[in-house]
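I have placed the structure first, in the form of structure tokens, so that the comments after it can refer back to it.
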Ligand code: ADP
Ligand code: MG
């Protein structure tokens, strides 16, 4: 491995076994924990969160580039969330055929009609990248997607003086395997005397209400901030009551992280529209360097809307399916379509408006690196791995003023190169750290 872990170490079985045992204990000591699959809601038996034995070499320049562009992505997402005309036009074709996005959009419309009750916006994004390997041996940083929903909390908690008056509500899933990730944030809040509660959609359905000033109460407590860790997948909305609960929270005075407009700004359709010529310029009219910095990270993104441009996209994908990824408007891993399956799906949908539910993206080809993926009950074996760098951004806007906009950390996730899709929560990728080279 060039400039990384020496190959003698990599293939020394006795040594790697010893290191793996020490590394697992270190993870447990450090609190890098996860509940086990069999008992996702109990902490009686827990395990280490899966991670790589060795850090993965990442070129320093690309790493710094990703950090440097983060505040611009924060600003971009925030501008989009405040631009109803842009969201309407960008999502028009998608919501015509994609029910889930359409329902989220309807909530957005209702909030616009009523007027936003809260002028403070708390944003937590994670922009994900892979390093595309070019033929000349160099690589370039390409964005996979930006997550505006349920990305981790980063170092933000210290900056929220306005939330002291009430509690922070974590809206969580029923299955809580990844609870330790969230407990860290809860701990940081408690250290600052900010109480937090963990509630599910069902709790909000049963006990949530707004008073005449639209203050949100859940289980009798006033909620200052709703931190959404749940609600980005269709299956999170098990009933009409769940949708009502989402609407109730959106209408409320509570600060939403994220609010519905910011949620929509994170859709893959918006990502594709942003890559069109001239669109970034509209958001940063006087900042060509910002436009350039953001655009440098864009991979090829193509519309599947009806019309000649979308037809061209279909033809291009059918001619070389291995060069692309077909993406529906879904989050959480495992939804994208690759290779010959792209042809199957497009052959079936190409004449139908249903194709508008998808976008097409250039496939990024990162350089594989060898590593060991440490995971409970999994034998130690060397794997060919691909890594994805995530960069966290946090911002607070009060009315028109950005009062904070920062890059607050990073995350490297690594998976076996045999897996085309999926993250840590999906059980595919594991935690890693960049070894800057
Ligand atoms: P999700 O919202 O489900 O996380 P992503 O767009 O992040 O969707 O895709 C999921 C995974 O699929 C990524 O983590 C990455 O491993 C892989 N992937 C997505 N887009 C590409 C791409 N353009 N090239 C290569 N791999 C990709
Ligand atoms: Mg992703």
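Numbering (this note's numbering), first residue to last: 463 to 899.
Note that the Cβ used here is the ideal one computed from N, Cα and C, for glycine as well.
First and last residue of the uninterrupted beta strand (DSSP E) at residue i
i, result
"residue 856", "844-860"
"residue 653", "First-last for residue 653: 641-653, but that is the alpha helix (DSSP H), not the beta strand (DSSP E)."
"residue 660", "658-661"
"residue 683", "683-690"
"residue 766", "Looking at the DSSP string, residue 766 is not in any beta strand (DSSP E), and its letter there is neither H nor E."
"residue 629", "629-633"
For residue j and residue i, the rounded distance between their alpha carbons
i, j, result
"residue 519", "residue 648", "32 Å"
"residue 553", "residue 729", "9 Å"
"residue 618", "residue 591", "Low per-residue confidence applies at residue 618: pLDDT is 37, beneath 50, and the placement is therefore not dependable enough to give any value."
"residue 676", "residue 896", "45 Å"
"residue 463", "residue 880", "Any reading at residue 463 needs caution, since the residue's pLDDT is 43, under 50, leaving its predicted position unreliable; the model's value is listed next. One C-alpha to the other measures close to 19 Å."
"residue 802", "residue 796", "16 Å"
"residue 876", "residue 720", "27 Å"
"residue 476", "residue 831", "21 Å"
"residue 794", "residue 883", "10 Å"
"residue 485", "residue 840", "15 Å"
"residue 843", "residue 653", "41 Å"
"residue 682", "residue 471", "58 Å"
"residue 726", "residue 549", "8 Å"
"residue 562", "residue 696", "6 Å"
"residue 863", "residue 806", "48 Å"
"residue 744", "residue 542", "10 Å"
"residue 510", "residue 851", "21 Å"
"residue 829", "residue 595", "6 Å"
"residue 740", "residue 836", "45 Å"
"residue 698", "residue 679", "21 Å"
"residue 620", "residue 651", "Reliability of the predicted coordinates at residue 620 is poor, the pLDDT of 39 falling under 50, and the value obtained from them is presented with this limitation in mind. C-alpha separation (whole angstroms): 8 Å."
"residue 458", "residue 838", "Past the boundaries of the shown model lies residue 458; the chain is included only from 463 to 899, so the question cannot be answered."
"residue 769", "residue 693", "33 Å"
"residue 710", "residue 669", "11 Å"
"residue 616", "residue 810", "In this predicted model, residue 616 has a pLDDT of only 45, less than 50, meaning its place in the structure is not dependable; the value taken from the coordinates is given anyway. Going by the C-alpha atoms only, they are around 42 Å apart."
"residue 799", "residue 497", "30 Å"
"residue 494", "residue 874", "14 Å"
"residue 827", "residue 871", "24 Å"
"residue 469", "residue 823", "35 Å"
"residue 888", "residue 825", "20 Å"
"residue 642", "residue 891", "18 Å"
Strand pairing of residue i, partner residues [DSSP]
i, result
"residue 872", "853"
"residue 509", "496"
"residue 485", "DSSP output for residue 485 lists no bridge partner at all."
"residue 878", "847"
"residue 588", "609 and 854"
"residue 604", "592"
"residue 790", "820"
"residue 519", "897"
"residue 552", "In the DSSP output, where bridge partners are listed per residue, residue 552 has none listed."
"residue 831", "847"
"residue 811", "None, per the DSSP bridge assignment."
"residue 800", "787"
"residue 582", "860"
"residue 914", "Since the first residue shown for the chain is 463 and the last is 899, residue 914 is missing from the structure and cannot be characterised."
"residue 668", "Residue 668 is not bridged to any residue."
"residue 475", "For residue 475, which the question treats as bridged, DSSP gives no partner whatsoever."
"residue 679", "671 and 684"
"residue 867", "857"
"residue 514", "835"
Start and end residues, alpha helix (DSSP H) containing residue i
i, result
"residue 704", "702-713"
"residue 561", "561-576"
"residue 745", "741-745"
"residue 778", "770-781"
"residue 825", "Where residue 825 is concerned, there is no enclosing alpha helix (DSSP H), given that its DSSP letter is neither H nor E."
"residue 472", "469-472"
"residue 731", "730-736"
"residue 752", "750-757"
"residue 716", "Per DSSP, residue 716 belongs to no alpha helix (DSSP H) and is neither H nor E."
"residue 727", "722-727"
**Message:** Whether or not the stretch 778-794 and the stretch 522-531 are in contact is what I'm after, with contact meaning three or more pairs of Cβ atoms, one per stretch, closer than 8 Å; do they touch?
**Reply:** no
**Prompt:** Is there contact here, the stretch 633-647 with the stretch 578-589, by at least three beta-carbon pairs under 8 Å?
**Reply:** no
**Message:** Taking 8 Å as the cut-off, does the stretch 592-611 touch the stretch 867-875 (at least 3 CB pairs, one atom from each stretch)?
**Reply:** no
**Prompt:** Are three or more beta carbon pairs between the stretch 772-785 and the stretch 558-569 nearer than 8 Å?
**Reply:** no
**Prompt:** Counting Cβ pairs, one atom from each stretch, are 3 or more of them under 8 Å apart for the stretch 531-543 and the stretch 754-763?
**Reply:** yes
**Message:** Across the stretch 657-671 and the stretch 680-689, are there enough close Cβ pairs to call them in contact, namely three or more that are closer than 8 Å?
**Reply:** yes
**Asked** At a cut of 8 Å, does the stretch 809-821 reach the stretch 762-774 through at least three beta carbon pairs?
**Response** yes
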